[in-house]
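In the numbering used here, the protein residues as written are 67 to 555.
Below is the structure:
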């Protein structure tokens with residue numbers, strides 16, 4: 067029995083119902099079909115909340131873990147978008163209290179070609195890429211994260227049943243609340259817009275839901291006792307730090323950082339004030355990867371915002387650049403001296419080790435020796451990306467891409483003449499993108515060229531010396547293995 071199977075036994079003991087089957091064939095690489103075994107973990111047989119894990123059935127047996135929320139027409143009549151929005155948000159909030167930050171990915175009816183109503187939510191997928199659950203192998207299973215996901219998801223299902231009375235009858239009564247919905251639409255979007263807004267009100271239990279796809283804001287309205295019971299479910303408050311960054315507000319929950327758009331945060335406060343939520347001055351802020359939540363006295367607001375790990379990292383870079391004194395205070399770290407000339411073979415090995423530290427890189431292969439022509443590639447990295455628009459409720463929220471990596475150790479800035487035609491290189495190697503790593507900087511001409519390709523939809527990225535040194539500061543053990551080419555001062 068492997069480690070993940072032990073986790074499945076623990077989940078079954080907790081109360082999950084578990085099944086599995088060979089579901090589909092996927093082709094992450096050209097001309098290579100892979101059979102996937104999918105595990106289905108339902109919090110209960112009738113619950114819309116579940117987890118999925120796809121296992122590739124050949125060595126080294128990589129797999130992933132993601133969440134799934136969808137109700138059925140057997141349980142509820144009419145549009146069920148409010149249920150899918152609310153339930154997935156409650157799961158996201160609950161998991162955040164278990165120190166798991168998820169992305170909520172919407173599958174619309176339009177994505178499935180079922181209707182031309184983009185304002186209807188068919189299902190929600192929950193991804194856990196920040197916790198290395200988008201790709202892991204038996205030799206390196208993130209057990210703590212898996213355990214927290216299992217516990218948090220199961221507790222969220224408990225809260226839906228016992229606090230929000232999910233299993234009650236839920237009588238839709240939206241006609242009586244159309245005027246209220248129109249007032250909210252005019253506040254958020256200036257006017258009522260067909261296909262960009264949706265609302266629902268249910269009786270037994272009582273809640274009201276409004277969603278503006280234009281503004282990216284969902285409003286959930288409850289009686290005060292329901293939200294008090296929900297807040298009381300989390301006895302231990304998360305350790306929270308918040309301060310103003312350069313372009314975003316930094317929020318840290320138990321050492322996990324997020325970067326929230328201040329304009330969107332202010333818009334949330336203003337919305338609570340419009341709703342006459344008397345607790346709006348001090349709402350609880352809970353960020354996940356692609357949303358943040360404001361919990362007031364009678365309302366929960368879910369506001370779309372890319373406020374997760376990547377935004378947090380970029381905002382830290384902005385803070386570093388803002389003031390050298392702040393940098394010394396917030397990011398105490400060494401500077402580096404590079405050998406001149408830098409040995410290209412050792413530099414390539416350094417790049418490979420740093421890439422292996424990236425959470426989204428699953429595998430790296432060296433494809434050329436230092437003494438032979440590389441055809442524009444030194445390494446090939448299997449890189450995981452998040453699928454922001456899954457085209458199927460059964461699809462995985464992760465995409466695996468082959469990225470060509472070229473490493474250039476030069477004293478002076480690297481110009482466009484040092485880089486082969488990138489589009490041809492990608493096509494010839496049947497790759498999905500290109501990543502350039504240089505030991506110095508890029509010339510303006512090369513920077514502009516790479517930026518243009520990126521704007522045209524080609525998967526392009528690059529690291530310069532600044533990016534390398536930021537990663538070396540995080541991984542001093544790597545520095546110790548390459549003191550012959552780079553030394554801390």
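Here a beta-carbon is modelled for each residue, glycine too, at the ideal position from N, C-alpha and C.
Let me confirm a value: residue i is counted as buried when at least 16 other C-beta atoms fall within 10 Å, else exposed. Which label applies?
i: residue 316; result: buried
i: residue 557; result: Missing from the structure shown is residue 557; the chain here goes from 67 to 555 and no further.
i: residue 226; result: buried
i: residue 542; result: exposed
i: residue 468; result: buried
i: residue 211; result: buried
i: residue 111; result: exposed
i: residue 173; result: buried
i: residue 523; result: exposed
i: residue 353; result: buried
i: residue 185; result: buried
i: residue 521; result: exposed
i: residue 449; result: buried
i: residue 307; result: exposed
i: residue 435; result: At residue 435 the pLDDT is 49, less than 50, meaning the model places this residue with poor confidence; the figure from the coordinates comes in the next sentence. Answer is exposed; the Cβ neighbour count stays below 16.
i: residue 75; result: exposed
i: residue 552; result: buried
i: residue 555; result: exposed
Specify the secondary structure class of residue i as computed by DSSP and reduced to three states.
i: residue 232; result: coil
i: residue 372; result: coil
i: residue 437; result: The pLDDT assigned to residue 437 is 45, lower than 50, so where the model puts this residue is not dependable, and the model offers no usable value.
i: residue 511; result: helix
i: residue 464; result: strand
i: residue 30; result: Not covered by the structure: residue 30. The range shown for the chain is 67 to 555.
i: residue 115; result: strand
i: residue 504; result: strand
i: residue 72; result: helix
i: residue 380; result: helix
i: residue 99; result: strand
i: residue 521; result: helix
i: residue 348; result: coil
i: residue 536; result: helix
i: residue 269; result: strand
i: residue 67; result: coil
i: residue 156; result: helix
The alpha helix (DSSP H) spanning residue i covers which residue range?
i: residue 123; result: Counting along the chain, residue 123 falls outside any alpha helix (DSSP H), and DSSP gives it neither H nor E.
i: residue 493; result: 488 to 494
i: residue 139; result: Segment: none, residue 139 is in no alpha helix (DSSP H) and carries neither H nor E.
i: residue 30; result: The displayed coordinates of the chain run from 67 to 555. Any statement about residue 30 would go beyond what the structure contains.
i: residue 202; result: That residue, residue 202, is in no alpha helix (DSSP H); it is neither H nor E in DSSP.
i: residue 206; result: Here residue 206 belongs to no alpha helix (DSSP H), and DSSP marks it neither H nor E.
i: residue 412; result: 410 to 422
When you compare each of the options to residue i by their alpha carbons, which one comes out closest?
i: residue 361; options: 288, 154, 114 and 400; result: 288
i: residue 433; options: 472, 186, 503 and 512; result: 472
i: residue 82; options: 319, 531 and 105; result: 105
i: residue 286; options: 366, 279 and 76; result: 366
i: residue 508; options: 485, 427, 230 and 143; result: 485
i: residue 417; options: 407, 406 and 431; result: 431
i: residue 102; options: 368, 480, 383 and 86; result: 86
i: residue 451; options: 263, 425 and 139; result: 425
i: residue 314; options: 163, 376, 280 and 449; result: 376
i: residue 215; options: 185, 163, 230 and 243; result: 163
i: residue 514; options: 481, 380 and 445; result: 481
i: residue 277; options: 550, 253, 198 and 207; result: 253
i: residue 549; options: 405, 72 and 190; result: 405
i: residue 311; options: 298, 363, 386 and 300; result: 386
i: residue 220; options: 116, 325 and 553; result: 116
i: residue 496; options: 544, 502, 518 and 470; result: 470
List the endpoints of the continuous beta strand (DSSP E) containing residue i.
i: residue 309; result: 306 to 310
i: residue 325; result: 322 to 326
i: residue 545; result: Segment 542 to 546 is the alpha helix (DSSP H) holding residue 545; no beta strand (DSSP E) there.
i: residue 293; result: Note, residue 293: premise wrong, no beta strand (DSSP E); alpha helix (DSSP H) at 290 to 298.
i: residue 245; result: Counting along the chain, residue 245 falls outside any beta strand (DSSP E), though it belongs to the alpha helix (DSSP H) covering 244 to 255.
Bridge partners of residue i, per DSSP?
i: residue 86; result: 105
i: residue 264; result: 277
i: residue 427; result: 449
i: residue 193; result: 132 and 169
i: residue 554; result: 402
i: residue 472; result: 502
i: residue 287; result: 274 and 365
i: residue 214; result: Bridge partners of residue 214: none, in fact.
i: residue 480; result: 508
i: residue 353; result: 358
i: residue 432; result: 445
i: residue 174; result: 187
i: residue 527; result: 501
i: residue 316; result: 309 and 325
Determine whether the Cβ of residue i lies closer than 8 Å to any Cβ atom of chain B.
i: residue 369; result: The structure shown contains no chain B; it holds only a single protein chain.
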